[in-house]
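Number of protein chains: 2
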Amino acid sequence: MTFSKINDTIHLNQQNRGDILSKNLKLKSARAAKDMSQKNVADAVGVTRQTINAIENGDYNPSINLCIAICKVLGKTLNDIFWEDDTSD
Amino acid sequence: MTFSKINDTIHLNQQNRGDILSKNLKLKSARAAKDMSQKNVADAVGVTRQTINAIENGDYNPSINLCIAICKVLGKTLNDIFWEDDTSD
DNA sequence: ATAATAAGTAAAATATATTTGACATTTAGT
DNA sequence: ACTAAATGTCAAATATATTTTACTTATTAT
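Residue numbers (our numbering), protein chains in the order written: chain A, 18 to 106; chain B, 18 to 106.
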């Protein structure tokens with residue numbers, strides 16, 4: 018049994034930061050729903066506002082623990098904010 | 018027929034240990050359900066087997082893109098494998 | 001007993017997430 | 001006009017995820 022590599026996008030994304038990654042609009046709207054600024058969320062989860070800004074703008078990919086912390090602050094789950102539902106493409 | 022060494026009682030408590038090293042047993046079982054080795058998953062998502070091993074054993078936290086890739090390989094979602102459902106903050 | 005695969009672990013090197021500090025733009029409010 | 005808060009972005013420094021190489025143990029099968 019062989020397994021094909023489906024994760025080429027990771028290294029591609031890491032090399033072309035800001036080019037290919039799309040914005041996380043779910044995060045932006047979830048934050049807006051809580052009426053929190055980027056700095057508010059950043060302080061709540063213990064990172065800088067630049068980090069939250071970069072995540073929203075798709076400049077790099079956060080760690081799973083940071084994603085979980087953000088979700089909890091915003092009252093959402095990982096699937097709500099970070100799961101890409103692009104089943105059709 | 019050989020007998021394996023049963024050397025610890027830790028396994029009995031793995032599910033509900035709140036310690037530093039909380040293993041990701043959901044990942045382990047999802048991988049077992051697909052009959053894939055750590056190296057199989059590693060190759061499929063484009064990382065080394067040490068990375069998969071470290072994630073399963075809770076040694077460090079992967080990036081969200083790697084988590085998504087792992088989930089897709091195993092036919093699971095982020096919530097299935099990486100969302101911790103302990104509502105006690 | 002030997003070989004082969006899977007798994008656990010570790011030290012050093014590399015890649016990249018995150019911080020720090022700074023500057024610019026927009027928006028809303030006096 | 002000014003002020004402040006929120007956002008966007010950038011370069012350099014730091015922290016840490018990930019790789020590479022290697023050694024070890026466990027398991028299964030020959």
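Glycine residues also receive a C-beta, built at the ideal position from the N, C-alpha and C atoms.
Skipping 5 residues on each side, what residues in its chain have a beta carbon closer than 7 Å to that of residue i?
i, result
"Ile85 (chain B)", "Leu95"
So, is the C-beta of residue i closer than 8 Å to a C-beta in chain B?
i, result
"Ile85 (chain A)", "yes"
"Thr94 (chain A)", "yes"
"Ile69 (chain A)", "no"
"Glu73 (chain A)", "no"
"Asn78 (chain A)", "yes"
State yes or no: is the C-beta of residue i within less than 8 Å of the C-beta of residue j?
i, j, result
"Ser80 (chain A)", "Ser80 (chain B)", "yes"
"Ala59 (chain A)", "Leu91 (chain A)", "no"
"Asn82 (chain A)", "Asn78 (chain B)", "yes"
"Leu42 (chain B)", "Ile72 (chain B)", "no"
Sorted by chain position, which residues of the same chain lie with C-beta nearer than 6 Å to residue i's C-beta, five sequence neighbours on each side aside?
i, result
"Ile87 (chain A)", "Val62"
"Lys51 (chain A)", "Leu91"
Under the three-state reduction of DSSP, which class applies to residue i: helix, strand or coil?
i, result
"Ser54 (chain A)", "coil"
"Ser46 (chain B)", "helix"
Whose C-beta lies closer than 8 Å to the C-beta of residue i among residues of the same chain, with five residues either side of it excluded?
i, result
"Val64 (chain A)", "Leu83"
I want to see whether chain A comes within less than 8 Å of residue i, judged by CB atoms only; does it?
i, result
"Asn82 (chain B)", "yes"
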